[in-house]
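Trainee: Right, I'll just put the structure down here and ask away after.
2 protein chains.
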Amino acid sequence: MNAPTADSRTRLLDAALQVIRARGYSATRVDDICAAAGLSKGSFFHHFESKEQLAVEAARHWSTVTDAFFAAAPYHRADDPLQRVLGYIDFRKSILMGRVPEFTCLVGTMVQETYDTNPAIREACDRSISGHASEVARDIALAREKYAPDAPWTAESLALHTQAVLQGAFILAKARGSASVAEDSVDHLKRYVELLFHPNHPKEH
Amino acid sequence: MNAPTADSRTRLLDAALQVIRARGYSATRVDDICAAAGLSKGSFFHHFESKEQLAVEAARHWSTVTDAFFAAAPYHRADDPLQRVLGYIDFRKSILMGRVPEFTCLVGTMVQETYDTNPAIREACDRSISGHASEVARDIALAREKYAPDAPWTAESLALHTQAVLQGAFILAKARGSASVAEDSVDHLKRYVELLFHPNHPKEH
DNA sequence: GGAACCATACCGACCGGTTGGTATGGTCGG
DNA sequence: CCGACCATACCAACCGGTCGGTATGGTTCC
């Protein structure tokens, strides 16, 4: 009777995204994920051989979901690469809404708990973050070539910096219990990128 | 010999800083902390009424330790407030050495796992981060008044942004298993602050 | 068509190691 | 002797993972 709904494996993965983002990886029980998916533990271990393997697959699922989400975002339509980069940052700010677990990042949360004890999960989280950064770096590289070819920084490092700011903003939002501090930090990030590409200060007259 | 019976509580707190930074809060067992401190569980529950309360006190202990550490750092000796801010950033970069758990932040790690389930720990982590940011904000406010009194950002928000960058840099370092990506992000942060203050900044060599 | 057979999906009771916390008693300085 | 401190032994709940079993739908052979 579950035919019309998404298949069970996907439901378990989606449930894992929700629960782990709220409670963290270690504190999440397999039964929590099953309950959130409306499935039993037997079903869970039919689809995943262990909790650890679920985490690895959840990280990949996270990348799939977020890649599609960002691919559909409107900022890609700008012709100018710098405008796409700034549009990306605006877009990241605009989705900081709802409850904190709804806009924070699965892999940023998981990697904190697993980097030293769980290499498979750490690598899966790294692939997710680095993969997304590479996407951002493509537009940054084009903007750099066009507007700042002699800049002393690489497109890759600036893309990673955007991810660092976002991940850090999530931590502050979690500590404060509010998204507004994250919005402020994204504002600073946008100002930085604008300054990097438009040094229209009275420095050079 | 350390003071015989005097410091067991501190030894447990110090052990908690090490173990929780490496494994996270949920995955840390109280026996792990006891073993790292060379004490028994009876001693643990003599000093702390629960694992949760230990976490709250560990956050405060973390603030005490780090406050003293930063208070002793050389960047405070600069006369100019902007030089102190830039010196702070340089200092933060210079301590990104050793293994990852040795330079990352206890409260940034803990708050990710506890913000939605453990309000007491969340608040303790918030106090630690916000308290440190306030310290940084003092010099930023002086620099702003001196060099950029009409800037469209507040000293408080820029101070929080520095913390966001650092926390995010720690996450990237954990995912990558290397500090170098964190160093790059701190470089971007320093460049941002320099750009913010650049127009009226008197270069002195 | 239908009986026999099989694969996939799913259920939930159960197992055994783990873990936060407790009970009890010993040691030692004052 | 008292109370702070700490160790050992222990407990009950918890939790990841297992296992026997059911339901359903597809395939093959007559």
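Keeping their order, the protein sequence lines are chains A and B.
With our numbering applied, the first sequence covers 1 to 205.
With our numbering applied, the second sequence covers 1 to 205.
Note that beta-carbon positions come from the ideal geometry of N, C-alpha and C, so glycine has one too.
Please confirm if the region 150-167 of chain A is in contact with the region 173-188 of chain B, defined as three or more CB-CB distances below 8 Å between the two stretches.
Mentor: Verdict: yes, contact present.
Trainee: If the cut-off is 8 Å on Cβ atoms, which residues from the region 99-119 of chain B count as contacting chain A, listed in chain order?
Mentor: Flagged, chain order: V100, P101, V107, G108, T109, V111, Q112, E113, T114, Y115, D116, T117.
Trainee: Hey, is S62 (chain B)'s beta-carbon within less than 8 Å of any beta-carbon in chain A?
Mentor: The sequence given here places Trp at residue 62 (chain B); Ser does not occur at that position. Not closer than 8 Å to any Cβ of chain A, the Cβ of W62 (chain B) fails to qualify, so no.
Trainee: Alpha carbons only, please: which of B:Y115, B:Y25, B:R84 is nearest the one belonging to T117 (chain A)?
Mentor: Here the closest residue by C-alpha is B:Y25.
Trainee: So which residues on chain A does V181 (chain B) lean against when the C-beta distance must stay under 7 Å?
Mentor: Going along chain A in sequence order, the residues near V181 (chain B) (Cβ under 7 Å) are L160.
Trainee: At a CB-CB cut-off below 7 Å, which residues of chain A make contact with S185 (chain B)?
Mentor: Neighbours of S185 (chain B) on chain A, chain order: L160, H161, A164.
Trainee: Any C-beta of chain A sitting closer than 8 Å to the C-beta of D126 (chain B)?
Mentor: It does: the Cβ of D126 (chain B) has a partner Cβ on chain A nearer than 8 Å.
Trainee: Is the region 100-114 of chain B in contact with the region 167-185 of chain A, if contact means three or more CB pairs nearer than 8 Å?
Mentor: Flag = yes, the region 100-114 of chain B and the region 167-185 of chain A touch.
Trainee: Chain B partners of I129 (chain A), CB-CB under 9 Å?
Mentor: Residues of chain B passing the Cβ test: I171, L172, A175, R176.
Trainee: State the Cα-Cα distance for the pair A3 (chain A) and S43 (chain A), rounded to the nearest angstrom.
Mentor: For A3 (chain A), the predicted structure reports a pLDDT of 34, less than 50, and the residue's modelled location is therefore unreliable. The matter cannot be settled from this model.
Trainee: Just mark F170 (chain B) as buried or exposed, buried being the case when its beta carbon has 16 or more other beta carbons within 10 Å.
Mentor: Flag for F170 (chain B) reads buried.
Trainee: Within the continuous alpha helix (DSSP H) that includes T78 (chain A), where are the two ends?
Mentor: Position check: residue 78 (chain A) holds Ala in this sequence, whereas Thr was assumed. Counting along the chain, A78 (chain A) falls outside any alpha helix (DSSP H), and DSSP gives it neither H nor E.
Trainee: Under 8 Å between the Cβ atoms of A36 (chain A) and A55 (chain A)?
Mentor: Cβ distance not < 8 Å, so A36 (chain A) and A55 (chain A) don't count as in contact.
Trainee: In chain order, which continuous runs of the alpha helix (DSSP H) of length 4 or greater are located wholly inside the region 32-60 of chain A?
Mentor: Entirely contained in the region 32-60 of chain A, the alpha helix (DSSP H) runs reaching 4 residues are, in chain order, 41-47.
Trainee: Quick one: is F69 (chain A) buried, meaning 16 or more other Cβ sit within 10 Å of its Cβ, or exposed?
Mentor: By the neighbour-count rule (16 or more Cβ atoms within 10 Å), F69 (chain A) is not buried but exposed.
Trainee: Using a Cβ cut-off of 8 Å (strictly closer), state whether A27 (chain A) contacts chain B.
Mentor: Closer than 8 Å to some Cβ of chain B, the Cβ of A27 (chain A) qualifies, so yes.
Trainee: Distance cutoff 8 Å, beta carbons only. Does A22 (chain B) sit that close to anything in chain A?
Mentor: Yes, A22 (chain B) lies at the interface with chain A (some Cβ there is under 8 Å from its Cβ).
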